[in-house]
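Peer 1: Have a look at the structure that comes next, please.
Protein chains in written order, with this note's numbering: chain U, 8 to 144; chain L, 1308 to 1453.
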């Protein structure tokens, strides 16, 4: 009589599968950088449209080539700010907004000035809670 | 006398579904991972405190401005936006993007040392009647409040 050997069922051991998956998971966890784009949002005025604004509602900020600025509130003395004093724009803006909530801040930057100075001024205006910001081209 | 044998049940938590869970997480991270950092001009972005997150990346058009006066839009370099030819092509490209997605926000990634002349130029091209892209975000790196 022929005896048949009982063969054990052929199986691939999958116990290490979880380890491999974990390894890959950790790799992706470490290498993932969820990119976040942040910036100062602004809306440009439409076309060549001009709106008449009362002089008393307009504070002018002029940024010169060296990064210094002139803060000119309506009917008041202007304040000259050097590059290192730009942070004062924040408190000056807050002061103007207390006097007039409708205050518009117009930013005029000279062509030779650097972009970082412009962003700094905008940032300080935003920190001072300025809502209406006009950009002079 | 007959002794009844208790059935021995193994008290183990089944881990057979563990690989499935791990694979699910793995696939998630594989999908969200952006391995390729796309080639972009070398720029040092300015720092700002009051930065806001861009609402939707789908609506964002990235515009690069280097300190040398180069502007890059969709892998096309514009060496000088003052020249009529470059400006026209730039506006054509931007107008097409605006037409495809009216919600377009222009994220301007400009170098700190870029001259304002170029930025003003970009402003006027964007707000031109042909383009009408008014929403601009000046890309900046977040710094802690002073």
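Each residue gets a CB set at the ideal place from its N, CA and C atoms; glycine is no exception.
Note that the structure is a prediction, hence the values are computed from the model and not measured.
#1: State the Cα-Cα distance for the pair residue 1381 of chain L and residue 1331 of chain L, rounded to the nearest angstrom.
#2: By the 9 Å beta-carbon criterion, what residues does the region 110–128 of chain U contribute toward chain L?
#3: Would residue 39 of chain U pass as an interface residue toward chain L - the criterion being a Cβ-Cβ separation below 8 Å?
#4: Counting along the chain, where does the beta strand (DSSP E) carrying residue 45 of chain U start and finish?
#5: With distances taken from CA atoms, which of U:33, U:108, U:74, U:11 is nearest residue 140 of chain U?
#6: For the region 1329–1344 of chain L, which residues have a beta carbon sitting closer than 8 Å to at least one beta carbon of chain U?
#7: Can you list the residues of chain U that residue 1388 of chain L reaches, using a CB-CB cut of under 8 Å?
#8: Between residue 10 of chain U and chain L, is any beta-carbon pair separated by less than 8 Å?
#9: I'd like to confirm the pairing. Which residues does DSSP put opposite residue 1319 of chain L in its beta bridges?
#10: Who are the near neighbours of residue 125 of chain U in its chain, counting only those whose CB is closer than 6 Å to its CB and skipping five residues on each side?
#11: If you draw a straight line from the C-alpha of residue 41 of chain U to the C-alpha of residue 18 of chain U, how long is it?
#12: Okay, do the region 71–79 of chain U and the region 87–105 of chain U touch, 3+ Cβ pairs below 8 Å being the bar?
#13: Using the DSSP secondary-structure output, state which residues sit across from residue 1354 of chain L in a beta bridge.
#14: May I ask which residues mark the beginning and end of the alpha helix (DSSP H) holding residue 53 of chain U?
#15: Could you check whether the Cβ of residue 142 of chain U sits closer than 8 Å to any Cβ belonging to chain L?
#16: Taking DSSP's pairing of strands, which residues face residue 141 of chain U in a bridge?
#17: In angstroms with no decimal places, state the Cα-to-Cα distance between residue 92 of chain U and residue 128 of chain U.
#18: I believe residue 30 of chain U touches residue 1336 of chain L by the beta-carbon criterion, under 8 Å. Please report the beta-carbon distance rounded to the nearest angstrom.
#19: Around the Cβ of residue 43 of chain U, are there at least 16 other Cβ atoms within 10 angstroms (buried) or fewer (exposed)?
#20: Contact check, residue 1405 of chain L vs residue 1370 of chain L under 8 Å by CB: the rounded distance?
#21: Which residues does DSSP pair with residue 1378 of chain L in a beta bridge?
#22: To the nearest whole angstrom, what separates the beta carbons of residue 1358 of chain L and residue 46 of chain U, a pair I think is in contact under 8 Å?
#23: For residue 103 of chain U, which residues from the same chain have a beta carbon less than 7 Å from its beta carbon, with the 5 sequence-adjacent residues on both sides left out?
#24: Can you give the beta carbon distance from residue 1356 of chain L to residue 134 of chain U, rounded, assuming they're within the 8 Å contact cut?
#25: Threshold first: 3 residues or longer. Then list the beta strand (DSSP E) segments lying entirely within the region 1409–1441 of chain L, N to C.
#26: Have a look at residue 137 of chain U and residue 48 of chain U and give me their C-alpha separation to the nearest angstrom.
#27: Roughly how many angstroms lie between the CA atoms of residue 123 of chain U and residue 1350 of chain L, to the nearest whole one?
#28: Count the other C-beta atoms from every protein chain shown that fall within 10 angstroms of the C-beta of residue 1328 of chain L, then say buried if there are 16 or more, exposed otherwise.
Peer 2: In this structure, then:
#1: Residue numbering aside, residue 1381 of chain L sits at position 74 when the second chain is read from its first letter. Residue numbering aside, residue 1331 of chain L sits at position 24 when the second chain is read from its first letter. Looking at the two C-alpha atoms, the distance is approximately 34 Å.
#2: 116, 117, 118, 119, 120, 121, 122, 123, 124, 125, 126, 127
#3: In the first chain, residue 39 of chain U corresponds to position 32, counting from 1. Answer yes: the Cβ-Cβ gap between residue 39 of chain U and chain L drops below 8 Å somewhere.
#4: The count along the first chain starts at 1 and reaches residue 45 of chain U at position 38. Element bounds for residue 45 of chain U: 45–50.
#5: If you number the first chain from 1, residue 140 of chain U lands on position 133. When each option's Cα is compared against that of residue 140 of chain U, the closest is U:108.
#6: 1329, 1330, 1332, 1333, 1336, 1337, 1339, 1340, 1341, 1342
#7: Mapped onto the second chain, residue 1388 of chain L falls at position 81. Those do not exist, as residue 1388 of chain L stays about 13 Å from chain U at its closest Cβ, beyond 8 Å.
#8: Within the first chain, the letter at position 3 stands for residue 10 of chain U. Judged by the 8 Å Cβ criterion, residue 10 of chain U is not in contact with chain L.
#9: As a first step, residue 1319 of chain L is located in the second chain; it is residue number 12 there, counting from the start. Note: residue 1319 of chain L sits in no beta bridge, so no partner.
#10: What you label residue 125 of chain U is simply residue 118 of the first chain in a count that begins at 1. Same-chain partners within the cutoff: 116.
#11: The count along the first chain starts at 1 and reaches residue 41 of chain U at position 34. The count along the first chain starts at 1 and reaches residue 18 of chain U at position 11. Approximately 40 Å between the Cα atoms of the pair.
#12: yes
#13: Looking up residue 1354 of chain L in the second chain gives position 47. Its beta-bridge partners are L:1448.
#14: Stepping through the first chain from its first residue, residue 53 of chain U is reached at position 46. Taken as a continuous stretch (DSSP letters only), residue 53 of chain U belongs to no alpha helix (DSSP H), as it is neither H nor E.
#15: Locating residue 142 of chain U in the first chain gives position 135, counting from the first residue. Closer than 8 Å to some Cβ of chain L, the Cβ of residue 142 of chain U qualifies, so yes.
#16: In the first chain, counting from the first residue as 1, residue 141 of chain U sits at position 134. For residue 141 of chain U, which the question treats as bridged, DSSP gives the partners U:113.
#17: Residue mapping note: residue 92 of chain U aligns to position 85 of the first chain, counting from 1. Residue mapping note: residue 128 of chain U aligns to position 121 of the first chain, counting from 1. So the alpha carbons of these two residues sit roughly 11 Å apart.
#18: On the first chain, residue 30 of chain U is found 23 positions in, with the first residue counted as 1. On the second chain, residue 1336 of chain L is found 29 positions in, with the first residue counted as 1. Residue 30 of chain U to residue 1336 of chain L, Cβ: 12 Å. No contact.
#19: In the first chain, the residue the question calls residue 43 of chain U occupies position 36. Result: exposed.
#20: Within the second chain, residue 1405 of chain L is the residue found at index 98, counting from 1. Within the second chain, residue 1370 of chain L is the residue found at index 63, counting from 1. About 13 Å separates the two Cβ atoms, so there is no contact after all.
#21: Your numbering for residue 1378 of chain L matches position 71 in the second chain. Paired residues: L:1372, L:1385.
#22: Here residue 1358 of chain L refers to the residue found at position 51 when the second chain is read from its first residue. Here residue 46 of chain U refers to the residue found at position 39 when the first chain is read from its first residue. That belief holds up - the Cβ atoms of residue 1358 of chain L and residue 46 of chain U are roughly 6 Å apart, short of 8 Å.
#23: On the first chain, position 96 is the one that residue 103 of chain U refers to. The answer, listed in chain order, is 66, 80, 110.
#24: Against the second chain, residue 1356 of chain L aligns to sequence position 49. Against the first chain, residue 134 of chain U aligns to sequence position 127. Correct: roughly 6 Å between the Cβ atoms.
#25: 1412–1417
#26: As a first step, residue 137 of chain U must be located in the first chain, where it is residue number 130. As a first step, residue 48 of chain U must be located in the first chain, where it is residue number 41. About 13 Å.
#27: Here residue 123 of chain U is taken as the residue at index 116 of the first chain, counted from 1. Here residue 1350 of chain L is taken as the residue at index 43 of the second chain, counted from 1. When rounded, the distance between both Cα atoms is 12 Å.
#28: Position 21 of the second chain holds residue 1328 of chain L. By the 10 Å Cβ count, residue 1328 of chain L comes out exposed.
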